[in-house]
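**Q** Here the protein sequences line up with chains A and B, keeping their order.
Residue numbers for the first sequence, in this note's numbering: 124 to 365.
Residue numbers for the second sequence, in this note's numbering: 124 to 365.
Glycine residues also receive a C-beta, built at the ideal position from the N, C-alpha and C atoms.
Remember, it's a predicted structure, so these values are computed and weren't measured experimentally.
Protein chains: 2
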Amino acid sequence: MIEESWSPPEVLVTVDLVIFTLREQELRVLLVERGVDPYRGARALPGGFLNHAGEDILDAAHRELREEADLDVARLHLEQLGTYGAPGRDPRGRVISVAYLAIAPELPDPVAGTDAADAGWESVPDVLFGRTKLAFDHLRIVTDGIERARSKLEHSALATAFCRETFTIAELQQVYEAVWGVRLDPRNFYRKVQKVPGFIEPAGQERRATKGRPARLFKAGSTAVLHPPLVRPESIDSEGAR
Amino acid sequence: MIEESWSPPEVLVTVDLVIFTLREQELRVLLVERGVDPYRGARALPGGFLNHAGEDILDAAHRELREEADLDVARLHLEQLGTYGAPGRDPRGRVISVAYLAIAPELPDPVAGTDAADAGWESVPDVLFGRTKLAFDHLRIVTDGIERARSKLEHSALATAFCRETFTIAELQQVYEAVWGVRLDPRNFYRKVQKVPGFIEPAGQERRATKGRPARLFKAGSTAVLHPPLVRPESIDSEGAR
DNA sequence: TAGCTTAATGTCATTTTGACAGAAAGGGGG
DNA sequence: CCCCCTTTCTGTCAAAATGACATTAAGCTA
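1. In the DSSP assignment, what residue or residues form a beta bridge with A:K342?
2. Just to make sure I have the definition right: I need the residues of chain A whose C-beta is within less than 8 Å of the C-beta of B:L173. Which are they?
3. For B:H261, which residues from the same chain have a beta carbon less than 6 Å from its beta carbon, with the 5 sequence-adjacent residues on both sides left out?
4. Along chain B, in chain order, which residues have C-beta atoms closer than 9 Å to that of A:T283?
5. Are the beta-carbon atoms of B:V265 and B:V136 separated by less than 8 Å?
6. Would A:I269 pass as an interface residue toward chain B - the criterion being a Cβ-Cβ separation below 8 Å?
7. So what does DSSP say about B:Q203, is it helix, strand or coil?
8. Which word fits A:H185, buried or exposed, when buried means at least 16 other C-beta atoms lie within 10 angstroms of its C-beta?
9. Tell me which same chain residues have a C-beta within less than 6 Å of the C-beta of B:G321, skipping the five on either side of it?
10. Quick check on DSSP: helix, strand or coil for A:D360?
11. Exposed or buried, what is A:W244 when buried is set at 16 or more other beta-carbons lying within 10 Å of its beta-carbon?
12. Consult DSSP for B:D249 and reduce its assignment to one of helix, strand or coil.
13. Considering only C-alpha positions, which residue in the set B:Y313, B:P231 and B:G170 is nearest to B:Y223?
14. Relative to the C-alpha of B:G211, which candidate in A:E202, A:E178, A:K318 and A:P352 has its C-alpha closest?
15. Say whether chain B places a C-beta atom closer than 8 Å to the C-beta of A:V354.
16. Count the CB pairs spanning the stretch 250-258 of chain A and the stretch 185-205 of chain A that are closer than 8 Å, and state whether there are at least three.
17. Can you tell me which of B:A282, B:V305, B:G304 and B:W303 puts its alpha carbon nearest to the alpha carbon of B:E294?
18. Taking B:S274 as part of the alpha helix (DSSP H), name the residues at either end of that continuous run.
19. Between A:Y313 and A:E288, what straight-line distance do the alpha-carbon atoms span, to the nearest angstrom?
20. Looking only at C-alpha atoms, which of A:D241, A:E191 and A:L230 sits nearest to A:G164?
21. Could you check what DSSP says for B:W303 in three-state terms: helix, strand or coil?
22. The alpha helix (DSSP H) that contains B:L181, what's its start and end?
23. Quick one: does A:E245 have its CB under 8 Å from some CB of chain B?
24. Output, in chain order, the set of chain A residues within a Cβ distance shorter than 9 Å of B:H350.
25. Is any beta-carbon of chain A found at less than 8 Å from that of B:R365?
26. Cα separation between A:E133 and A:I219?
27. Give the interface partners of B:A347 over in chain A, defined as CB-CB distance under 9 Å, in chain order.
28. Since B:D179 meets chain A, which of its residues come closer than 7 Å, beta carbon to beta carbon?
29. What is the residue span of the alpha helix (DSSP H) that A:R314 lies within?
30. Taking 8 Å as the threshold (C-beta atoms), are B:V305 and B:R355 in contact?
31. Taking 8 Å as the CB-CB cut-off, is B:A338 touching chain A?
32. In the structure shown, what three-state DSSP assignment does B:A383 receive?
33. Determine the DSSP secondary structure at B:V298, reduced to helix, strand or coil.
34. Quick one, are the C-beta atoms of A:L145 and A:V298 less than 8 Å apart?
35. Drop a sphere of 10 angstroms on the beta-carbon of A:S246, count the other beta-carbons inside from all chains shown, and report buried for 16 or more, exposed for fewer.
36. Evaluate B:F341 with the Cβ neighbour count: other Cβ atoms within 10 Å of its Cβ, from every protein chain shown; 16 or more gives buried, anything less gives exposed.
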């Protein structure tokens, strides 16, 4: 199908970042307010164009994270979520966007960057229910990101990425509840999590108390894959999160 | 970071297809022999450039499938696997490739297409072990495809996509064994598969026999998600497949 | 009809699950 | 210091699921 005169079309490539965290027991996503056209003033995922033809896509994702949200979390693990390239999704032309997913523990508020008039952690349910409108097809990307996160919680130790260095089992449970949008029994959760080999391991016998009995502290174990998996309950709350 | 003089770099976009099937109880992948440079003569995944700036990526994937392998399986469900865009992965310049995954029942041999000197179903273990060398970073893409398929077998009804319209439970088990690279107990498999609601449903009381007792026939059910999931055994054979 | 092959059903001890009860370990108010 | 409240942790227990294995059923063939 390649003729002499034919040459493949050139397209522009952007990266978009879906970064989730937990705040006040609610799932939140990092959004910026666009400072440039198109969609100026609208909320969108942080991201932007490839810098130059030799830049790796993953590197571009890290760079945009730094530029747009001033979050230079080197240990932040970015995982490719998907590529969105429907014609017409961007009024500037044929733009294909590679989306990345990352999970962060509770972090200080990000500051606005170069292209972003503002940046902040927005409620995921607000986004999912259309109370927070997003530019481009970013709602779809966030939706896919949620589903990916929910699924990965079952089979991987992703939940520990929401937590700080050390955490209690109750904190870990809050992660599952917020992302899955369900309530779990603390006693059964306690038992189940403990028996997955390598998921979490005790971190000193230190403790941290506010009101009730002090809780033991744990840290992420060495295992990335959960055997057996923590299967989410059949009926998932369509609300998505709290 | 956008200056007046700056404009985003233009890149070329290709699609690549990872299509698995089962032949002689072995997992196979569709490969073509490249008829054009670079890597002329080497084995590679079917795929190619976007046709024109307005073509949707998924459409391009279907088109390439038709062009390169003459497989116009409209019911073939293509699922995005990932995007591979490391600089230097393609000697022709900055090329970013969007890979799709598909599962097919046993099909007639594909015929060579326009850019492909030959096309055929190659043994996946041969590819994984380097006995079959692949062009570009296609080994990596196939590896990711395997892992995706293995994982999806646990939580989705993907296994039925390997089978024809109707199938026996033993045939379904062969799918799991070939993809996971393990042996399963037929009796426990029988029981487990039957109790997942909506996974498979009886298809007439017809039967199809060769040697032993005739087996009941089933067809794919209405459920795409498996509750509960069929978890693969802890120790997965590193051989990958038979 | 005997013998072979594969399908389907059954058995059973061991784990796992889900839903609870209760004990342990702090803090605060009197 | 002593109750009360909160939260964490440890048990209990019946129902269900799991893994390993035996047995029966249903065809074909020699």
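**A** So, from the data block:
1. Walking along the first sequence from the start, residue 342 of chain A turns up at place 219. According to the DSSP secondary-structure assignment, A:K342 is paired through a beta bridge with A:T289 and A:E324.
2. The residue you call residue 173 of chain B lines up with position 50 of the second sequence. Ordered by position in chain A, the residues that pass the 8 Å Cβ test against B:L173 are P131, P132 and V134.
3. Taking the second sequence and counting its residues from 1, one reaches residue 261 of chain B at position 138. Taken in chain order, the residues that qualify are A167 and L168.
4. The sequence position of residue 283 of chain A within the first sequence is 160, counting from 1. Those within 9 Å of A:T283 in chain B number zero; the least Cβ separation is about 20 Å.
5. The residue given as residue 265 of chain B occupies position 142 in the second sequence. The residue given as residue 136 of chain B occupies position 13 in the second sequence. No, they are not a contact pair.
6. Stepping through the first sequence from its first residue, residue 269 of chain A is reached at position 146. It does not: the Cβ of A:I269 has no partner Cβ on chain B nearer than 8 Å.
7. Here residue 203 of chain B refers to the residue found at position 80 of the second sequence. In the structure shown, B:Q203 falls within a strand segment according to DSSP collapsed to helix, strand and coil.
8. Taking the first sequence and counting its residues from 1, one reaches residue 185 of chain A at position 62. With 16 or more Cβ atoms within 10 Å of its Cβ, A:H185 is classed as buried.
9. Against the second sequence, residue 321 of chain B aligns to sequence position 198. The beta carbon of B:G321 lies closer than 6 Å to those of G344, S345 and T346 in the same chain, with the five residues before and after it left out.
10. For this step, residue 360 of chain A is matched to residue 237 along the first sequence. In this predicted model, A:D360 has a pLDDT of only 43, less than 50, meaning its place in the structure is not dependable enough to derive any value.
11. By 1-based counting over the first sequence, the position of residue 244 of chain A is 121. It is buried - the Cβ of A:W244 has at least 16 other Cβ atoms within 10 Å.
12. Position 126 of the second sequence, counted from the start, is the residue given in the question as residue 249 of chain B. Of the three classes helix, strand and coil, the one that applies to B:D249 here is helix, per DSSP.
13. If you number the second sequence from 1, residue 223 of chain B lands on position 100. Ranking B:Y313, B:P231 and B:G170 by Cα distance to B:Y223 puts B:G170 first.
14. Translated into positions along the second sequence, residue 211 of chain B becomes position 88. That would be A:E178, whose Cα lies nearest to the Cα of B:G211.
15. As a first step, residue 354 of chain A is located in the first sequence; it is residue number 231 there, counting from the start. Interface residue, yes.
16. Look at the beta carbons and you see the stretch 250-258 of chain A not touching the stretch 185-205 of chain A: under three pairs across the two are nearer than 8 Å.
17. In the second sequence, the residue the question calls residue 294 of chain B occupies position 171. Of B:A282, B:V305, B:G304 and B:W303, the residue nearest in Cα terms is B:A282.
18. As a first step, residue 274 of chain B must be located in the second sequence, where it is residue number 151. Counting along the chain, the alpha helix (DSSP H) containing B:S274 begins and ends at H261 to H278.
19. Taking the first residue of the first sequence as 1, we reach residue 313 of chain A at position 190. Taking the first residue of the first sequence as 1, we reach residue 288 of chain A at position 165. Straight across, the Cα-Cα distance linking A:Y313 with A:E288 is about 19 Å.
20. For this step, residue 164 of chain A is matched to residue 41 along the first sequence. Just measuring C-alpha positions, the residue of A:D241, A:E191 and A:L230 sitting nearest A:G164 is A:D241.
21. Position 180 of the second sequence, counting from 1, holds the residue named residue 303 of chain B. DSSP, reduced to helix, strand and coil, places B:W303 within a helical segment of the structure shown.
22. Looking up residue 181 of chain B in the second sequence gives position 58. For B:L181, the enclosing alpha helix (DSSP H) covers residues I180 to A192.
23. The residue you call residue 245 of chain A lines up with position 122 of the first sequence. Any Cβ of chain B closer than 8 Å to the Cβ of A:E245 would place that residue at the interface, and such an atom is absent.
24. Reading the second sequence from its first residue, position 227 is the one you call residue 350 of chain B. Going along chain A in sequence order, the residues near B:H350 (Cβ under 9 Å) are V354 and E357.
25. Translated into the one-based positions of the second sequence, residue 365 of chain B becomes position 242. Note that B:R365 has pLDDT 36, beneath the 50 cutoff, so the model's placement of it is unreliable and the number below is only indicative. It does not; no Cβ of chain A falls within 8 Å.
26. By one-based count along the first sequence, residue 133 of chain A stands at place 10. By one-based count along the first sequence, residue 219 of chain A stands at place 96. Straight-line measurement puts the Cα of A:I219 at about 11 Å from the Cα of A:E133.
27. Sequence index remark: in the second sequence, residue 347 of chain B carries index 224 (1-based). In chain order: nothing, as chain A lies at least about 13 Å away.
28. Mapped onto the second sequence, residue 179 of chain B falls at position 56. Within chain A, the residues near B:D179 are A209 and P210.
29. Looking up residue 314 of chain A in the first sequence gives position 191. Run containing A:R314: P309 to K318, per the alpha helix (DSSP H) assignment.
30. The sequence position of residue 355 of chain B within the second sequence is 232, counting from 1. The sequence position of residue 305 of chain B within the second sequence is 182, counting from 1. One thing to note: B:R355 has its Cβ within 8 Å of the Cβ of B:V305.
31. Residue numbering aside, residue 338 of chain B sits at position 215 when the second sequence is read from its first letter. No, because no Cβ of chain A sits closer than 8 Å to the Cβ of B:A338.
32. Summary: the structure shown does not reach residue 383 of chain B, with chain B confined to residues 124 through 365, and so no result is reported for it.
33. For this step, residue 298 of chain B is matched to residue 175 along the second sequence. Residue state, collapsed to three classes: helix.
34. For this step, residue 145 of chain A is matched to residue 22 along the first sequence. For this step, residue 298 of chain A is matched to residue 175 along the first sequence. Contact: yes.
35. In the first sequence, residue 246 of chain A corresponds to position 123, counting from 1. Buried, since its Cβ has 16 or more Cβ neighbours within 10 Å.
36. Locating residue 341 of chain B in the second sequence gives position 218, where the first residue counts as 1. Its Cβ being crowded by 16 or more others within 10 Å, B:F341 is buried.
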